[in-house]
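S.K.: Heads up: the sequence shown begins at 25 in the working numbering, then just goes up one per residue.
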Amino acid sequence: MFLHVQTCWRYRRLVSRSAVSLLTLMLFAATLPAATPNFVVIFADDLGYGDVSTYHASDVQTPHIDRLAAEGMLFTTMRANCTVCSPSRAALLTGRYPDRVGVPGVIRTNADDSWGYFDPQAVTLADELRRVGYHTAIVGKWHLGLESPNTPTERGFDLFHGFLGDMMDSYTTHLRQGQNYMRRNSEQIDPTGHATDLFAEWAEEYLRARAERPEQPFFLYLAFNAPHFPIEPPAEWYERARRRA
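1. Pairs of beta-carbons, one from the stretch 164-182 and one from the stretch 124-132, closer than 8 Å: are there three or more?
2. For a test of the three-state rule: what should DSSP assign to Ile19, helix, strand or coil?
3. Is there at least one non-hydrogen atom of the ligand COA closer than 8 Å to the beta-carbon of Gly140?
4. On the CB-based measure, 16 or more other CB atoms within 10 Å of its CB, does Thr160 come out buried or exposed?
5. Could you say which of Ala115, Asp136, Asp137 lies nearest to Val127 if we only look at CA atoms?
6. On the DSSP letters alone, give me the boundaries of the beta strand (DSSP E) that Leu183 sits inside.
7. Just reading off the beta strand (DSSP E) that Leu98 is part of, what are its end residues?
8. Which residue from Ile162, Tyr158, Arg154 puts its Cα closest to that of Asp229?
9. Taking the alpha carbon of Asp70 as the reference point, which residue from Asp83, Ala265, Glu263, Ala250 has its own alpha carbon closest?
10. Looking at the structure shown, is Arg200 part of a helix, part of a strand, or coil, going by DSSP?
11. Would you report the Cα separation of Leu92 and Leu98, rounded to the nearest angstrom?
12. Do Asn174 and Tyr121 count as a contact pair if the criterion is CB distance below 9 Å?
13. What's the call for Arg267, buried or exposed, on a 16-neighbour Cβ count within 10 Å?
14. Since His218 and Pro258 are thought to touch, with beta carbons under 8 Å apart, how far apart are those beta carbons, to the nearest angstrom?
15. To the nearest angstrom, how far is the alpha carbon of Gly164 from that of Val147?
16. So, helix, strand or coil for Leu168, using DSSP?
17. Using CA atoms only, rank isn't needed, just tell me which of Arg154, Ile66, Asp83, Ser77 is closest to Ala265.
18. Against chain B, with Cβ distances strictly below 9 Å, would Ala114 count as a contact?
19. Report buried or exposed for Ala135, applying the criterion of at least 16 other Cβ atoms within 10 angstroms of its Cβ.
20. With DSSP collapsed to three states, give me the class of Tyr141.
21. So Phe67 and Ala247 are in contact, right, with Cβ under 8 Å, and what is the actual spacing, rounded?
22. Tell me which same chain residues have a C-beta within less than 8 Å of the C-beta of Leu47, skipping the five on either side of it?
23. DSSP three-state label for Leu270, please.
24. With H, G and I counted as helix, E and B as strand and the rest as coil, what does DSSP make of Phe253?
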C-alpha cells in the first residue's frame, strides 16, 4: 500500500471505509506461486501520513488501513518525488523522477494552465507487468492525460474504470468545469454515487472477476481522488466525525 504524503485535512475517513470490502478479497493473492504475485496498489490523493491513525493517534480513525499495516510492513521513513498530483503519479508508475518523463507539475484540464505532458515513450509499471503476462487495471483517478496517446489503456492498462481529469468539482456530480471525464476504458459513463464509494465498488468488482481467473496474475492500481479538495464526505460520515469532535 502506498500512502501519498501531502497536505493534511480533517475528514480522511473515506479511504478507511473503502478498505473494508477490499481487504478480504486481496488475501486470495496468496494462492498464486511466489513468482507471480498479485499486486494491489492503493494510492490516496493529498493524504498526509499523519492522517492515518497507525502513524499518528488523533481523532482520525483508519482501522482497516491500520490492520493492513499491522499484518504487513509499516514504513517509518519515506520520501515523495513530488507533493502534487500528476508528478507523484508519474513517478509511481515509471520509477523515475517526474521531470524526466515530462511531468514537472500538474497536468490540468485547461491546456493553457498545464505544467506537463506525459512522455509517450516512458515505460510504465503496467507496461512491464502486462509484458510478462499480467492483467493490468486502474480504478479511480488517472490524471496523466485526457486524450491519446496518454489514456490509461494506451499506457499499459487492460482496464480503466475511473476519472481521467485532475480533480472533481464535486464527488457526487463527478464533473470538472462542466465536463464529464468519467470513463470505462474509452466509453464515457455517468454513474450515480459518491466517487469514493464508486471506486471501491469497481475495485471490488474487478477483484471478484479476477478470482474467477486465478491462472493469470493481476495488477490493480486503485487511485482514490479522496481526500483531495473539495472536502465532501458523505453525510453519514460527516455526522460521525461531528459527534466525535
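Where a beta carbon is used, it is the ideal one built from N, C-alpha and C, also for glycine.
M.R.: Working from what's here:
1. Between the stretch 164-182 and the stretch 124-132, the count of Cβ pairs shorter than 8 Å is three or higher; the stretches touch.
2. Past the edges of the chain, shown from 25 to 269, lies residue 19, and the structure says nothing about it.
3. Summarising the ligand content, the structure contains no ligands, and the ligand COA is consequently not present.
4. Residue 160 sits at position 136 when you count from the first residue of the sequence shown. By the Cβ neighbour-count rule, Thr160 is buried, with 16 or more other Cβ atoms within 10 Å of its own.
5. Taking the first residue of the sequence shown as 1, we reach residue 127 at position 103. Nearest of Ala115, Asp136, Asp137 to Val127, Cα basis: Ala115.
6. For this step, residue 183 is matched to residue 159 along the sequence shown. Leu183 -> beta strand (DSSP E) spans 183-187.
7. As a first step, residue 98 must be located in the sequence shown, where it is residue number 74. That residue, Leu98, is in no beta strand (DSSP E); it is neither H nor E in DSSP.
8. Stepping through the sequence shown from its first residue, residue 229 is reached at position 205. What sits at residue 229 in the sequence shown is Glu, not Asp. When C-alpha distances from Glu229 are compared across Ile162, Tyr158, Arg154, the shortest belongs to Ile162.
9. Reading the sequence shown from its first residue, position 46 is the one you call residue 70. With distances taken between Cα atoms, Asp70 lies closest to Ala250.
10. Within the sequence shown, residue 200 is the residue found at index 176, counting from 1. In this structure, Arg200 counts as strand in the three-state DSSP scheme.
11. Taking the sequence shown and counting its residues from 1, the one referred to as residue 92 is at position 68. Taking the sequence shown and counting its residues from 1, the one referred to as residue 98 is at position 74. Whole-angstrom Cα-Cα distance: 9 Å.
12. Within the sequence shown, numbered from 1, the residue matching residue 121 stands at position 97. Within the sequence shown, numbered from 1, the residue matching residue 174 stands at position 150. Contact: no.
13. One-based indexing of the sequence shown puts residue 267 at position 243. With fewer than 16 other Cβ atoms within 10 Å, it is exposed.
14. For the purposes of this step, residue 218 is identified with residue 194 of the sequence shown, where counting begins at 1. For the purposes of this step, residue 258 is identified with residue 234 of the sequence shown, where counting begins at 1. Right, their Cβ atoms sit about 5 Å apart.
15. Taking the first residue of the sequence shown as 1, we reach residue 164 at position 140. Taking the first residue of the sequence shown as 1, we reach residue 147 at position 123. Rounded to whole angstroms, the separation of the alpha carbons of Val147 and Gly164 is 20 Å.
16. As a working note, residue 168 is residue 144 in the sequence shown. If DSSP states are grouped into helix, strand and coil, Leu168 belongs with coil.
17. Within the sequence shown, the letter at position 241 stands for residue 265. Of all alpha-carbon atoms in Arg154, Ile66, Asp83, Ser77, the one lying nearest the alpha-carbon of Ala265 is that of Asp83.
18. The question asks about chain B, but that chain is absent: this structure has only one protein chain.
19. For the purposes of this step, residue 135 is taken as the residue at position 111 of the sequence shown. Ala135 is exposed by the Cβ-count criterion.
20. By one-based count along the sequence shown, residue 141 stands at place 117. Look at Tyr141 here: in three-state DSSP terms it is coil, with no helix or strand label.
21. In the sequence shown, the residue the question calls residue 67 occupies position 43. In the sequence shown, the residue the question calls residue 247 occupies position 223. Contact flag correct, Cβ pair sits at about 4 Å.
22. Position 23 of the sequence shown holds residue 47. Confidence in Leu47 is poor, its pLDDT being 41 and thus under 50, which makes the residue's placement too unreliable to answer from.
23. The question about residue 270 has no answer here: the residues shown for the chain are numbered 25 through 269.
24. For the purposes of this step, residue 253 is taken as the residue at position 229 of the sequence shown. Phe253: coil per DSSP, three-state reduction.
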